[in-house]
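One structure is given below, encoded as structure tokens.
In our numbering, the protein residues as written are 91 to 379.
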């Protein structure tokens, strides 16, 4: 029986990949890489993978988790940006243990964004010689139910240095569905890169307007300068590295080519992608201030 290791298994995307795999008919053994199997088991209730110890910051966990695995679903935790320190040893170990394919969760526009860690990770994977598939999703709508939620609920605002840049969007459930289908039929997707978006491009001002209408409360959008944004987040005890990631994610698009809308979600899954309006309705209770 072939085996798949899912990294980031208790995060937004990892949980959706596991859930989608559970719905598909396949003969793979699914391993969920988690820091503490005993503690993390409760986070994936209803999903039945084999839990194995895996920690991006502990290379000693790499080989036991990867040994015997045919496929690796790899993502980058947002707080980890030191590619050579954390990801090169992991990719090297995947090569040594005989992993036959890496499905890497990258980001849309990575090929022209040399500053972001995903660019270097993609390069390392290619250089390793391991067959790969790159998933390059748009801006996660679930950022509104995680990173951006405190500002949204406590201050009724979106506070990001994104200016008037337009962003393509994606629901992580659509990423999970696409990833699961690729993992269980990887041969037809090898060496391909899929940009995953829904069918709209919005500024954060437009997203604030959509949230205001759906939640029946005024949500303001404020685009601060970088210094103000940085210190506002530091006062909220957001780690410096995560603030820098937020700046790269939201500020750099102001100076980059506008991202393209693609139809890969529907082509891969047979289902239209979730719209931003539907996402708000699906998460109305969590989003409402």
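Backbone N, C-alpha and C fix where the C-beta goes; we use that ideal spot for every residue, glycine too. Given the structure is predicted, the values throughout are model-derived calculations rather than measurements.
*DSSP bridge partner residues for residue 159 (one or two, in chain order)*: Paired residues: none, contrary to the question.
*Can you list the beta strand (DSSP E) stretches of 3 or more residues lying completely in the region 191-250, in chain order?*
191-195, 222-227 and 247-249
*asked:* Is the separation between the beta-carbon of residue 139 and that of residue 122 shorter than 7 angstroms?
replied: yes
*Write down every uninterrupted run of the alpha helix (DSSP H) in the region 250-274 whose length is 4 residues or greater and which is fully enclosed by it, in chain order.*
262-273
*Specify whether the region 177-187 and the region 101-119 touch according to this definition: at least 3 beta carbon pairs, one from each stretch, less than 8 angstroms apart.*
no
*asked:* Please list the terminal residues of the continuous alpha helix (DSSP H) segment that includes residue 332.
replied: 330-340
*Would you mind working out which of 160, 155 and 247 sits nearest residue 188, comparing C-alpha positions?*
160
*asked:* On the CB-based measure, 16 or more other CB atoms within 10 Å of its CB, does residue 323 come out buried or exposed?
replied: buried
*What is the DSSP secondary structure of residue 179, reduced to helix, strand or coil?*
helix
_Helix, strand or coil at residue 310 [DSSP, three-state]_ = strand
*Where does residue 345 land, buried or exposed, given buried means 16+ other C-beta within 10 angstroms?*
exposed
*Could you check how far apart the C-beta atoms of residue 292 and residue 257 are, in whole angstroms? I think they sit under 8 angstroms.*
6 angstroms
_Cβ-Cβ separation, residue 265 to residue 239 (assumed contact under 8 angstroms), whole Å_ = Going by Cβ atoms, the distance from residue 239 to residue 265 rounds to 19 angstroms, so no, they are not a contact pair.
*If you draw a straight line from the C-alpha of residue 361 to the C-alpha of residue 317, how long is it?*
42 angstroms
*Look at the Cβ atom of residue 341, then the Cβ atom of residue 251, and state whether they are nearer than 7 angstroms.*
yes
*asked:* Counting beta carbon pairs with one atom in the region 264-279 and one in the region 329-340, are three or more of them shorter than 8 angstroms?
replied: no
*Enumerate in chain order the residues of its own chain whose CB-to-CB distance from residue 254 is below 6 angstroms, with the five nearest sequence positions on each side excluded.*
293
*asked:* Please tell me whether residue 232 and residue 102 are closer than 7 angstroms, where the distance is taken between their beta carbons.
replied: yes
_Alpha carbon of residue 296 to alpha carbon of residue 276, nearest angstrom_ = 37 angstroms
*Grab me the residues of residue 173's own chain with a C-beta within less than 8 angstroms of its C-beta, minus the 5 sequence neighbours each way, in chain order.*
207, 210, 211 and 214
*Does DSSP classify residue 304 as helix, strand or coil?*
helix
*asked:* Please list the terminal residues of the continuous beta strand (DSSP E) segment that includes residue 121.
replied: 119-124
*Nearest residue (CA-CA) to residue 201, options 283, 120, 165 and 126*: 283
*Between the Cα of residue 110 and the Cα atoms of 269, 319, 358 and 354, which residue gives the shortest distance?*
269
*asked:* Taking 6 angstroms as the limit between beta carbons, can you name the residues of its chain near residue 222, skipping five residues before and five after?
replied: 192 and 215
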